[in-house]
């Protein structure tokens, strides 16, 4: 029996999941993509996994940098989930006009996200037409609370007051993307 790809996607899509945007920074370049294949894998040590399509433009940046952040979006950030799910200039050149801060690893953390997990890749596994990344959580936050796994990560956190996003707005100033 052959499983039809589109029908498999439709059936698997019946499982309700939160929406996340996985973000990274590689040699100064920002990258991100919408991901719904995310879950916690271990509490001790704190590990998470995400699955990234082999054709994703963000895959090389994650592989080369070895870092990424998982941004759990609110319902008011649907525009960001849609933008990071498409192949547009807004995504690649303007980081979807998202305001962000910089995490301990250097990954961008999207302003206004419900929560975030800042991670370092510990393993990569083949998963059919996807790559499965297992990553250790080095920092996480929600509702203004931020926890670090190690004291040295706290020292290297570079969340900057007055920093500017790629669209020229100060973090927190703009909750919707620029018109395009």
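Numbering (this note's numbering), first residue to last: 695 to 874. The beta carbon of each residue, even a glycine, is placed where N, CA and C say it ideally should be. On a predicted model such as this, the values are computed, not experimentally measured, just so you know.
Measure the C-alpha to C-alpha separation of residue 816 and residue 829 and round it to an integer number of angstroms. Locating residue 816 in the chain shown gives position 122, counting from the first residue. Locating residue 829 in the chain shown gives position 135, counting from the first residue. Each residue's Cα considered, the two are about 5 Å apart.
Between the CA atoms of residue 831 and residue 765 - distance to the nearest angstrom: One-based indexing of the chain shown puts residue 765 at position 71. One-based indexing of the chain shown puts residue 831 at position 137. Spanning the two alpha carbons is a distance of roughly 13 Å.
For the putative contact between residue 744 and residue 735, defined by C-beta atoms under 8 Å, what is the C-beta separation to the nearest angstrom? For the purposes of this step, residue 744 is taken as the residue at position 50 of the chain shown. For the purposes of this step, residue 735 is taken as the residue at position 41 of the chain shown. That belief does not hold up - the Cβ atoms of residue 744 and residue 735 are roughly 10 Å apart, past 8 Å.
Let me confirm a value: residue 777 is counted as buried when at least 16 other C-beta atoms fall within 10 Å, else exposed. Which label applies? As a working note, residue 777 is residue 83 in the chain shown. Residue 777 comes out buried.
Cα-Cα separation, residue 798 to residue 697: Here the question's residue 798 lines up with position 104 in the chain shown. Here the question's residue 697 lines up with position 3 in the chain shown. Each residue's alpha carbon lies about 42 Å from the other.
Expressed to the nearest angstrom, what Euclidean distance is found between the alpha-carbon atoms of residue 724 and residue 812? Residue 724 sits at position 30 when you count from the first residue of the chain shown. Residue 812 sits at position 118 when you count from the first residue of the chain shown. Straight-line Cα distance between these residues: approximately 15 Å.
Under the three-state DSSP convention, the category residue 754 falls into: As a first step, residue 754 is located in the chain shown; it is residue number 60 there, counting from the start. Of the three classes helix, strand and coil, the one that applies to residue 754 here is helix, per DSSP.
Which word fits residue 852, buried or exposed, when buried means at least 16 other C-beta atoms lie within 10 angstroms of its C-beta? For the purposes of this step, residue 852 is identified with residue 158 of the chain shown, where counting begins at 1. Caution is warranted here: a pLDDT of 40 is assigned to residue 852, below 50, making its placement in the model unreliable, and the coordinate value is therefore given only provisionally. Label assigned to residue 852: exposed.
With 16 other Cβ atoms within 10 Å as the buried cut-off, status of residue 727: Taking the first residue of the chain shown as 1, we reach residue 727 at position 33. Residue 727 should be labelled buried.
Rounded straight-line distance, which links the Cα of residue 705 to that of residue 850: The sequence position of residue 850 within the chain shown is 156, counting from 1. The sequence position of residue 705 within the chain shown is 11, counting from 1. Residue confidence for residue 850 is low, a pLDDT of 44 falling below 50, so the modelled location carries little weight and cannot support an answer.
Determine the closest residue to residue 801 out of 719, 715, 713 and 767, with distance taken between C-alpha atoms. Numbered from its first residue, the chain shown carries residue 801 at position 107. Scanning 719, 715, 713 and 767 for the CA closest to the CA of residue 801 turns up 719.
To the nearest angstrom, how far is it from the Cα of residue 770 to the Cα of residue 821? Indexing the chain shown from 1 puts residue 770 at position 76. Indexing the chain shown from 1 puts residue 821 at position 127. Distance between the alpha carbons of residue 770 and residue 821: 32 Å.
What residues in its chain sit with their C-beta under 7 Å from that of residue 699, if we drop five residues either side in the sequence? Numbered from 1 along the chain shown, position 5 holds the residue referred to as residue 699. Nothing meets the Cβ criterion.
What is the DSSP secondary structure of residue 721, reduced to helix, strand or coil? Along the chain shown, read from residue 1 onward, the residue named residue 721 stands at position 27. Three-state DSSP puts residue 721 in coil, outside helix and strand.
Where do the ends of the alpha helix (DSSP H) carrying residue 706 lie? Mapped onto the chain shown, residue 706 falls at position 12. Here the alpha helix (DSSP H) through residue 706 covers 699-706.
Nearest-angstrom Cα distance between residue 783 and residue 754? The residue given as residue 783 occupies position 89 in the chain shown. The residue given as residue 754 occupies position 60 in the chain shown. Cα-Cα distance, rounded: 18 Å.
Classify residue 733: buried if its beta carbon has 16 or more other beta carbons within 10 angstroms, exposed otherwise. By 1-based counting over the chain shown, the position of residue 733 is 39. By the neighbour-count rule (16 or more Cβ atoms within 10 Å), residue 733 is not buried but exposed.
Pick from 807, 809, 804 and 751: whose alpha carbon is nearest that of residue 786? Reading the chain shown from its first residue, position 92 is the one you call residue 786. That would be 751, whose Cα lies nearest to the Cα of residue 786.
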